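Residue numbers (full-length UniProt numbering): 1 to 323. No residue lacks a Cβ here, since even glycine has one placed at the ideal position from N, Cα and C. On a predicted model such as this, the values are computed, not experimentally measured, just so you know. One structure below.
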C-alpha cells in the first residue's frame with residue numbers, strides 16, 4: 001500500500017538539544033505517570049530521514065465528558081481508557097498539533113489549525129508558537145488539508161471577517177472533501193450541530209482561487225502523496241511523505257484520540273460521519289503503518305503529536321513520543 005522502507009526514527013539528539021533537553025527522543029511507557037495536560041514547550045523539531053518536521057502546539061479542547069462522545073460506550077469506560085494511558089480523567093483531553101514540513105525548498109503546513117478564538121478557549125497558541133519556532137506565516141507556500149472540520153481549517157480564515165489568512169498559498173485538498181462540503185444542496189442536509197460550520201465553509205471557500213483539488217493517490221508535490229482515509233468525513237485524507245531513508249504519515253484524525261481508539265479501534269466517535277467506514281479505514285491505515293514501520297503523526301495525539309503503534313490482538317497499543 002505505502003511501498004515504504006522498514007526503519008523507524010525514534011528521535012533526534014539535535015531536536016532535543018534545541019530545547020535544552022539532553023539525549024534523544026524516547027518512547028517511554030505511557031502510563032507510568034499522568035501526562036501533563038499542557039506541554040512544557042510550544043514547538044518541537046525532529047527529523048524523519050531527510051525531512052525536517054516542526055510540531056507546533058495549537059491548544060487543547062478540555063471537552064466535558066459526554067456519553068454520546070463514543071457510540072454505546074459509557075463515560076466510565078472512556079475514563080478507564082484515559083487513565084490506563086496516563087492521561088487526565090477530569091475531562092476528555094483533545095490536544096491539537098499542527099505539523100510544518102521543510103521539504104525541497106518548500107514550507108508546507110499540514111492543516112491550518114483552529115484559528116485563534118474560533119474553536120476552543122484553550123486553543124489560541126498557534127501564532128505565537130509558530131513565531132517561536134521561526135516559522136513566518138507569509139513563508140508558508142503550501143497547505144495540505146486533511147478535512148474540513150473546524151479545528152483543521154478555521155485557521156484559514158480571519159475571525160469575524162472570514163478573510164483568507166493565506167491568500168497566496170496553494171491549498172491542497174481531496175476533491176471529494178471539497179465537493180461534499182461546498183455542494184449547494186449540502187447545508188439543508190446537515191445535522192443542526194454541523195450547520196454553522198457547513199454554512200461558513202459554503203459561503204467562503206468557493207470564493208478563493210488558490211484551491212488545488214486532487215484525487216486519491218495523487219502526488220501533490222514531489223515526495224508527498226495524498227491517500228483517501230474516509231469515514232471521519234467523506235473526503236478525509238492522510239498524506240504519505242517519502243523522506244528518503246525514512247517514511248512519514250500525516251494521519252490527521254484517523255486515530256484521533258489514541259488512548260481510546262488504539263485499544264478499542266471498533267469504537268465509533270461522535271465526529272465520525274460514517275462510523276463503520278472510519279473503523280475500516282483505521283485498521284487499514286494503522287496495520288500498514290505497523291507492517292512498514294512508518295513514522296506517524298496525528299492531529300490529536302499527545303504533543304508533539306507523534307508516537308508508535310504495535311498490534312495487540314485485534315487492537316493496538318500506542319506509545320506517545322516523550323520530550
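Leaving out five residues before and five after residue i in sequence, what residues of the same chain have Cβ atoms less than 8 Å from its Cβ?
| i | result |
| --- | --- |
| residue 186 | 180, 198 and 202 |
| residue 19 | Because the pLDDT of residue 19 is 34, which lies under 50, any placement of that residue in the model is unreliable, and the number read from its coordinates should be weighed accordingly. For residue 19, where only same-chain residues beyond five positions count, the Cβ hits under 8 Å are 41, 44 and 323. |
| residue 218 | 225 and 226 |
| residue 81 | 259, 260, 263 and 264 |
| residue 64 | 91 and 92 |
| residue 104 | 221, 222 and 223 |
| residue 159 | 115, 116, 117 and 118 |
| residue 195 | 187 |
| residue 79 | 65 and 89 |
Over the uninterrupted alpha helix (DSSP H) stretch that includes residue i, give me the two end residues.
| i | result |
| --- | --- |
| residue 285 | 275-291 |
| residue 258 | 258-261 |
Residue i: which of the options sits nearest, CA to CA?
| i | options | result |
| --- | --- | --- |
| residue 169 | 141, 175, 191 and 162 | 141 |
| residue 36 | 52, 89, 237 and 50 | 89 |
| residue 263 | 162, 243, 279 and 225 | 279 |
| residue 251 | 269, 281, 267 and 234 | 281 |
| residue 228 | 120, 53 and 239 | 239 |
| residue 97 | 312, 308, 298 and 310 | 298 |
| residue 205 | 288, 99 and 145 | 145 |
| residue 167 | 139, 313, 183 and 194 | 139 |
| residue 48 | 121, 72, 289 and 294 | 294 |
| residue 312 | 273, 290 and 247 | 290 |
| residue 135 | 210, 106 and 288 | 106 |
| residue 72 | 288, 94 and 275 | 275 |
| residue 292 | 200, 267, 321 and 248 | 248 |
| residue 246 | 200, 149, 191 and 296 | 296 |
| residue 211 | 75, 137 and 182 | 182 |
| residue 149 | 189, 268 and 253 | 253 |
Starting from residue i, trace the beta strand (DSSP E) in both directions and tell me its first and last residue.
| i | result |
| --- | --- |
| residue 46 | 43-48 |
| residue 243 | 237-243 |
| residue 315 | 315-320 |
| residue 250 | 246-250 |
| residue 100 | 92-103 |
| residue 308 | 306-312 |
| residue 107 | 106-110 |
| residue 296 | 295-297 |
Given residue i, which residues of its chain have a CB within under 6 Å of its CB, disregarding the five upstream and five downstream residues?
| i | result |
| --- | --- |
| residue 256 | 300 |
| residue 147 | 177, 233 and 236 |
| residue 315 | 263 and 265 |
| residue 102 | 52 |
| residue 129 | 42, 43, 56 and 57 |
| residue 109 | 100, 140 and 143 |
| residue 61 | 94 and 120 |
| residue 162 | 204 |
Given residue i, which residues of its chain have a CB within under 7 Å of its CB, disregarding the five upstream and five downstream residues?
| i | result |
| --- | --- |
| residue 31 | Because residue 31 sits at a pLDDT of 41, beneath the cut-off of 50, its placement in the model cannot be relied upon, and the point is left open. |
| residue 164 | 156, 157 and 208 |
| residue 124 | 59, 116 and 117 |
| residue 214 | 172, 174, 175, 220 and 226 |
| residue 286 | 255, 309 and 316 |
| residue 39 | 57 and 303 |
| residue 68 | 270 |
| residue 133 | 43, 54 and 56 |
| residue 272 | 231, 232 and 278 |
| residue 244 | 49 and 50 |
| residue 131 | none |
Measuring only between beta-carbons, confirm whether residue i sits less than 7 Å from chain C.
| i | result |
| --- | --- |
| residue 258 | Among the protein chains of the structure shown there is no chain C, as only one such chain exists. |
Open item on the list: Taking 8 Å as the cut-off, does the region 147-162 touch the region 105-125 (at least 3 CB pairs, one atom from each stretch)?
Closed with: yes
Task: Continuous beta strand (DSSP E) assignments of at least 3 residues falling wholly in the region 185-223 - done: The region 185-223 contains these whole beta strand (DSSP E) runs: 211-214 and 219-221.
TODO: Enumerate, from N- to C-terminal direction, the unbroken beta strand (DSSP E) stretches of 3 or more residues contained entirely within the region 125-182.
DONE: 142-144 and 170-174
- [ ] Report yes or no: do three or more beta-carbon pairs, one from the region 226-243 and one from the region 280-296, lie closer than 8 Å?
- [x] yes
Task: Start-end ranges of the beta strand (DSSP E) lying completely within the region 56-81, minimum 3 residues - done: none
Open item on the list: Count Cβ pairs between the region 289-307 and the region 53-60 that sit closer than 8 Å; are there 3 or more?
Closed with: Yes, they touch.
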